[in-house]
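Going by our numbering, the residue at position 112 of the sequence shown is 119; the numbering climbs one at a time, nothing skipped.
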Amino acid sequence: MSMFPKITLAWVALTGLALADTPKAPAKADASKPDPVMMKPEAPKPPAEIDAMAKNIVGNWKCTGTSTGPDGSSSKMTGKITAKVDLDKWWISDVFEGKGDRGAFKMVAYSTFDAGSKKWRRVSIDNMGHQYVGTSDGMKDGKLVWNLDFMGAMGAGQFRDSLDPTDPKAVKFSGTMSVDKGKSWKPVYEMTCKK
């Protein structure tokens, strides 16, 4: 057999193989079924714990109490807290504005529930240049306690914020701080708030 018929035979065989593997036109999609590629993933939903906590906290509160200075002396203070659910129901925002003998104090806090760790998380900032970041295990023994690290214009340390709602007429708040890594705690404030 000469070279020409061999080349022709090889070419016909390869062409036949190539044509045999020609893809078929894709079947038309069923219009009644959504295309999984085009489906939008479901957005995550805020944890139910946020809504449950918000029922007790959201609103306007008037507060009276005392603040304790670095020298240990106490002075009277008044304030107000405005709390609301914020940022698409993922956070509880509370704004505190207080006045006393030592001047005005303002703080904005955002709290949310981390379902993975089963802890509440909080971040706060104040008008004295401080930031506070920490967690709470939630309500235990009738109290909610925040364990926070802070840093700012007056240095760094730990802050413990407590909320006691056991009195049906008023909620009690108190705060203590440590600048020696938790070896000693000093009172910062105590106040009672009513809606």
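Backbone N, C-alpha and C fix where the C-beta goes; we use that ideal spot for every residue, glycine too.
Keep in mind it's a predicted model, so treat the numbers as computed, not measured.
From which residue to which residue does the beta strand (DSSP E) around A90 run? Counting along the chain, the beta strand (DSSP E) containing A90 begins and ends at S81 to D93.
Looking at the strands, I want to know which residues DSSP matches up with E197. T73 and S181
To the nearest angstrom, how far is it from the Cα of V115 to the Cα of P53? 21 Å
Using a Cβ-Cβ cut-off of 8 Å (strictly less than) and excluding sequence neighbours within five positions of G162, which residues of its own chain qualify? V186
Can I57 and F120 be called in contact, C-beta distance under 7 Å? yes
Given a cut-off of 7 Å on the beta-carbon distance, is the pair A177 and T199 in contact? Going by C-beta atoms, A177 is nearer than 7 Å to T199.
Quick one, are the C-beta atoms of G107 and S74 less than 7 Å apart? yes
With H, G and I counted as helix, E and B as strand and the rest as coil, what does DSSP make of M135? coil
CB-CB length for M5 against G72, believed under 8 Å: Nothing can be reported for residue 5: it is not among the residues displayed for the chain, which extend from 8 to 202.
For the candidate residues W68, V92, K69 and G110, whose alpha-carbon lies nearest to that of S82? If we check each option's Cα against that of S82, G110 comes out closest.
Distance, A160 Cα to P172 Cα: 32 Å
If you reduce the DSSP assignment to three classes, tell me which class M60 lands in. helix
Can you round the beta-carbon distance between K202 and G66 to whole angstroms, since I take them to be within the 8 Å contact cut? Their Cβ separation, rounded to whole angstroms, is 5 Å, which keeps K202 and G66 in contact under 8 Å.
Classification of M135 by the beta-carbon crowding that lies within 10 angstroms, buried from 16 upward: exposed
With a threshold of 7 Å on Cβ separation, who are the neighbours of K91 within its own chain once the five nearest residues in sequence on each side are excluded? V65 and S100
Reference T89, options D78, K113 and V152, closest by Cα: K113
Quick check on the DSSP output: the beta strand (DSSP E) that includes T119 runs from which residue to which? First-last of the beta strand (DSSP E) with T119: G110 to D121.
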